[in-house]
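Comments concern the structure below.
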Amino acid sequence: MRNIAISTVILLLIFASYLICIFYSKDIATLVYGDLDKVSNMDKIGQFGDSAGAVNALFSGLAFAGVVITLIIQNFNSKKETEASNRIRFENIFFQMLSLHQEIINELSFTEDVDENIKDDKGKLFMYRKVKEHISGRELFTYFYESKGFITEDEDGRKIEVHGLKELFQTEKDNSIYEDLVVPTYFDHYFRHLYRIVKFVDTTPFLPKNDFETRYNYIGILRAQLSRNELIFLFYNGLSCYGNEKFKELIEK
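Numbering-wise (our numbering), the sequence shown opens with residue 74 and increments by one.
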């Protein structure tokens with residue numbers, strides 16, 4: 074609306090300039106050629122005609138300038154409308170991908186047989202039984218990182234049980250152990266889709282090419298959806314063979 078108002082004012086100024094030139098053409102001619110009363114009639118006509126021609130040329134120049142300015146403003150408005158339209162298209166796709174990612178998280182599932190200790194009234198253990206433990210959704214990241222039992226070896230080569238990847242990494246002190254576990258396979262779909270979201274934000278043609286800040290802000294929205302343990306898994310996935318080739322570069326970027 075502001076640009077339209079500016080364009081209207083410019084056109085009105087051009088029209089006003091034309092009217093001034095018409096009504097004061099004699100004064101303009103006098104200013105240019107001197108007192109016309111001292112010039113013969115034929116000379117007056119010729120000089121006035123020259124003045125009128127100059128006025129018309131001036132008006133034509135102003136009119137042309139007005140057209141050019143109007144075209145520039147229209148082009149500017151067109152670019153703004155295109156940018157706004159592209160932003161809407163980008164956000165529609167981006168938030169649909171976020172919604173799908175949440176569905177993928179909700180579908181994460183793991184079932185494991187665990188020992189359940191049964192105690193008597195005095196608190197003494199007298200039996201145990203196998204029960205199935207079911208973990209789903211975002212809690213699966215917490216379970217694998219903090220609770221699930223893993224068998225490994227201590228410094229003397231004795232087999233020991235550790236709880237969660239957190240203790241396993243502290244014992245092994247080797248990030249490559251992540252690649253040898255079955256754990257990453259439970260999150261294949263999760264990380265593939267997460268990679269596609271980050272890749273889309275990084276390469277989308279719907280955002281200005283050099284607008285890093287805007288892209289970073291959208292990645293910030295994505296990051297806000299991830300829990301602490303998800304970020305930990307993202308770190309190890311990026312270092313592993315699963316994400317080192319493509320995803321690691323985007324994570325660091």
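Beta carbons: idealized from backbone N, C-alpha and C, even for Gly. Here the structure is a predicted model, which is why all the values come from computation and not from measurement.
Using DSSP with H/G/I as helix, E/B as strand and the rest coil, what is residue i?
| i | result |
| --- | --- |
| Phe214 | helix |
| Ser124 | Model confidence at Ser124 stands at a pLDDT of 49, short of 50, so the residue's coordinates are unreliable and nothing is read from them. |
| Glu164 | helix |
| Lys152 | helix |
| Glu206 | strand |
| Glu240 | helix |
| Glu176 | helix |
For the alpha helix (DSSP H) holding residue i, just list the boundary residues, first then last.
| i | result |
| --- | --- |
| Phe308 | Arg301 to Leu312 |
| Asp284 | From DSSP, Asp284 is part of no alpha helix (DSSP H); its letter is neither H nor E. |
| Phe320 | Phe320 to Glu325 |
| Tyr315 | Element bounds for Tyr315: n/a, residue is neither H nor E. |
| Leu267 | Asp261 to Thr276 |
If distances are taken between C-alpha atoms only, which option among the options comes closest to residue i?
| i | options | result |
| --- | --- | --- |
| Tyr315 | Asp261, Lys152 and Glu180 | Asp261 |
| Leu173 | Tyr309, Leu267 and Ser313 | Leu267 |
| Val271 | Phe320, Gly311, Tyr309 and Phe306 | Phe320 |
| Phe163 | Glu185, Ser209 and Pro281 | Pro281 |
| Ser313 | Gln243, Asp284, Thr276 and Pro257 | Pro257 |
| Leu304 | Asn283, Ile208 and Thr215 | Thr215 |
Would you mind stating whether residue i and residue j have Cβ atoms separated by less than 8 Å?
| i | j | result |
| --- | --- | --- |
| Arg265 | Val274 | no |
| Tyr218 | Lys205 | no |
| Tyr259 | Ile177 | no |
| Asn159 | Phe308 | no |
| Asn317 | Gly311 | yes |
| Leu171 | Gln298 | yes |
| Leu181 | Gly210 | yes |
Answer yes or no: does any C-beta atom of chain B fall closer than 8 Å to that of residue i?
| i | result |
| --- | --- |
| Ser172 | In summary, chain B is missing from the structure at hand, where a single protein chain is found. |
Any contact of the stretch 160-179 with the stretch 287-301, i.e. 3+ C-beta pairs under 8 Å? yes
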